[in-house]
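S.K.: This is the structure I want to talk about, given as structure tokens.
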Amino acid sequence: AKITSSDLPFVIDDSPLKQLRFSPGVHIPIVPYDQEQKPDVYIVFAHEYIVSIKQKIGAVKKGFYKPVPFIEL
């Protein structure tokens, strides 16, 4: 997909084993969720957890998308 860190500045993951590392191949930083982060759009790779992700973030006006196929959740 040729996604780079300029397209996706960081990835949020709750797993401490993945945090503070980089995504394979494209080296996008993997960070823990932080309430100070204010992205306008979330691309949710683990779409089966969308309900709990939305509850955790608590933002109903944010855009949540599933990448394949690219649809709004």
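Residue 1269 is where the sequence shown ends in my numbering, and the numbering goes up by one at each step.
Glycine is no exception: its CB is placed at the ideal position from the N, C-alpha and C atoms.
1) Look at the alpha carbon of Asp1222 and the alpha carbon of Ala1242, and state the distance between them as a whole number of angstroms.
2) Taking the DSSP output, what are the residues bridged to Pro1220?
3) Would DSSP call Ile1246 helix, strand or coil?
4) Going by C-alpha to C-alpha distance, which of Leu1213, Val1237, Leu1216 and Tyr1229 sits closest to Phe1266?
M.R.: Here's the rundown:
1) For the purposes of this step, residue 1222 is identified with residue 26 of the sequence shown, where counting begins at 1. For the purposes of this step, residue 1242 is identified with residue 46 of the sequence shown, where counting begins at 1. At residue 1222 the sequence reads Val, which differs from the Asp that was named. Val1222 and Ala1242: Cα-Cα distance of roughly 19 Å.
2) Position 24 of the sequence shown, counting from 1, holds the residue named residue 1220. Residue pairing by DSSP places Pro1220 in no beta bridge whatsoever.
3) Stepping through the sequence shown from its first residue, residue 1246 is reached at position 50. Helix.
4) For the purposes of this step, residue 1266 is identified with residue 70 of the sequence shown, where counting begins at 1. That would be Val1237, whose Cα lies nearest to the Cα of Phe1266.
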